[in-house]
Structures are given as C-alpha cells and as structure tokens.
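First the structure, in the form of structure tokens, and then the observations on it.
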Amino acid sequence: MSTFSCAFIFVLYSFCSSLTVGLGYNSPGFLHNSLDNSGEQEWTGRWFPDKPGDARGQKTIVVSTKDDDDGASDFQYLEEPPGQSMMTSMINPNCDTGKTNLAVDWPNSPANYTCSAFLRKYFWPNPNLPAIIHKSFIPMAYKARHVCMNEKIKYSTELPTFGPHRAAWPRYGEYKFVPPQRWLHSLEHGAVVLLYHPCAHPFVVKQAKEIVKSCLFRHVISPYNQLPHDRPIALLTWGWSLLLPDIDNELMVKFIREHALNGPEGISKDGQYDFELIEPAKFVTTPDDTGGLCPKYIKLVNK
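Under mature numbering (1 follows the signal peptide of the UniProt record, and there is no 0), the residues of the sequence shown are numbered -18 to -1, 1 to 285, in order.
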C-alpha cells in the first residue's frame, strides 16, 4: 500500500472518530439506547409544539377555521333567498312536518346509536388530552336556509355548527338519535346540543347528560358516531363546538354560559320533530332560560 493511501486512511479514520465523539455515538450504552427506547433520553432543547405527555398543561386548544371551498362548503353557506316564506309557514305537508319522510335524513339505523363491544376500549376517557374549542367562520349577515324534505342536505364537515337545516325543529330533550339536519335548527334557536359517541364510557356520558339537563331547558341530547375516539363528547352551540376527552364540569359550564342562547333565532318554543324522543326537557329556571344558566353550578360563576 502506498504512503499516500495510508495517509488518506488515517485522516478518514480521525475524521470519523471525531464525528462520533461529537454526536455521542461512542458513549457507553449508545447502541443499547438506540435499540431500546425504554429509558428516556435527556433533551435540553425546545419541544414543538409540546413535550410528549405534557398536553394537559393546556386545558383547551382553540381553533378557528373556515370550511374548504368545495361543493359541500358551497351548499353549507346557502342562505335563505330573498322573499322566502317564513319558517313556520314551511312546516306543512308539502315541505316538512317533522313527522313524515324522515328516512331522507335517517333510515332509523341502529348503527347510529349502538356500539360494538370490542370498540369500547378505544374510547376510554383520557384526562391527559386537552379539550378542543372550535369556532366556525359565519358571515355576519348569514341566514341559514330552511330545506324541505324533497331535497337532501349535505355538510362540509362531520360536526357542523351552522348551515341549512329542516324547517321543523326538534322538541327539546334526550333522543335515541337525532340527525344533524334537525339539531342544527336547535342551534339556530340558541340551544345547546350534547353529542356523545355510542362507544363513549357510560359513566362519562351519564355525567355529561346531567350537566346539560341541569343547565337549561333548550337542549338536545343524542349519540353521534362521527365523533373522534379520543374526544367522544361534544357540546355544540351556533358556530361553536367543544370536544372533550373526559368530563370537565367547570369547562362545560363555562362553555354553556358563554355560548348558549346566542343563535340568530332566539326561539325557546318546542319544535314539531320528536321521533325517538326518550325524555322531554324540563324547565330549569324560566321557559326561555333567561332566568340564568346552570344554576346548580353557581359556585363556578366566578371561576
């Protein structure tokens, strides 16, 4: 081997050695740690967005978005045309009575309110996750269109908080299932809609129902299998949603007090739709809920 070759090999070896020392690759246990992640590596830099496992440091994540500009989004932003008949006059056999042709929105499928036992383990409450508050972009002068039963309604999101809906709105209370084409009208009237995944933990669901029922008359409660497995509880108001991984009394009450009764149509009267109604809502303070929200949780007022 020539003198030049030997010199080149020596220089290359020296460079590689210094590189491994600089990166820590020749430190004791490096090979073991690279294959075994059971021990936590010490990191003194910054995490983005959060250090793993520290998400609970943020109680909530607030998101504000506008729907994508696609066909469904265009439909979602459809407004009541000028000169359109009043909503109540559309509640008739030629448009919508809340009693007939209901399969257009929901064919009465048990899949919407039942859970396969093997799926429940994926919906276990996780108190280490933050809740998510979402605010939808709604144009200032937007007026949602009331749609007759001869036309299907589609939405650009799995969890709409505004948009076209049926003319006949639900009676307030708890249901076996209510399709979004109905409960969106409740949101427009200032109601709170509680949705829970059918696979959510029964105790968590029970607590959520108790909170909503004790807060206001204007509420609709329904299972909804489009909720994510890590946040299977949702509170909705007009333009707002709160997705929860677990029960949080303080956060739920705060959300209701801040966003309930703010729909563009402040109507407290019961509706015409009551298919699969389990338990009608009861008055909490006054029939129009103006006597106060969540009086049972008065201690949380100043928190």
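Note that beta-carbon positions come from the ideal geometry of N, C-alpha and C, so glycine has one too.
For clarity, every value in this text was computed on a predicted model and none was experimentally measured.
Collapsed DSSP secondary structure at residue i in the structure displayed
{"i": "Val186", "result": "helix"}
{"i": "residue 346", "result": "Past the boundaries of the shown model lies residue 346; the chain is included only from -18 to 285, so the question cannot be answered."}
{"i": "Tyr279", "result": "helix"}
{"i": "Tyr104", "result": "helix"}
{"i": "Trp222", "result": "strand"}
{"i": "Thr143", "result": "coil"}
{"i": "Arg200", "result": "coil"}
{"i": "Leu217", "result": "strand"}
{"i": "Thr268", "result": "coil"}
{"i": "Leu259", "result": "strand"}
{"i": "Arg148", "result": "strand"}
{"i": "Val160", "result": "coil"}
{"i": "Glu61", "result": "strand"}
{"i": "Ile249", "result": "coil"}
For residue j and residue i, believed in contact at Cβ under 8 Å, the rounded distance
{"i": "Arg153", "j": "Gly248", "result": "Not really, about 17 Å apart at Cβ, beyond 8 Å."}
{"i": "Ile203", "j": "Leu176", "result": "5 Å"}
{"i": "Val186", "j": "Ile215", "result": "6 Å"}
{"i": "Phe144", "j": "Ser118", "result": "6 Å"}
{"i": "His128", "j": "Ala149", "result": "4 Å"}
Cα-Cα separation, residue i to residue j
{"i": "Lys236", "j": "Asp230", "result": "10 Å"}
{"i": "Asn74", "j": "Asn110", "result": "49 Å"}
{"i": "Ala123", "j": "Arg164", "result": "22 Å"}
{"i": "Ala85", "j": "Glu140", "result": "19 Å"}
{"i": "Trp25", "j": "Thr42", "result": "Bear in mind that the predicted position of Trp25 carries a pLDDT of just 35, short of 50, making it too unreliable to give a figure here."}
Cβ of residue i within 7 Å of any chain C Cβ
{"i": "Thr267", "result": "No chain C appears in the structure shown, which is made up of a single protein chain."}
Check whether the segment 196 to 210 and the segment 87 to 98 are in contact - that is, three or more C-beta pairs closer than 8 Å. yes
Report yes or no: do the segment 185 to 200 and the segment 260 to 271 share at least 3 C-beta pairs separated by less than 8 Å? yes
Tell me the start and end of each unbroken beta strand (DSSP E) in the segment 79 to 136 that is at least 3 residues and wholly inside, in chain order. 113 to 118
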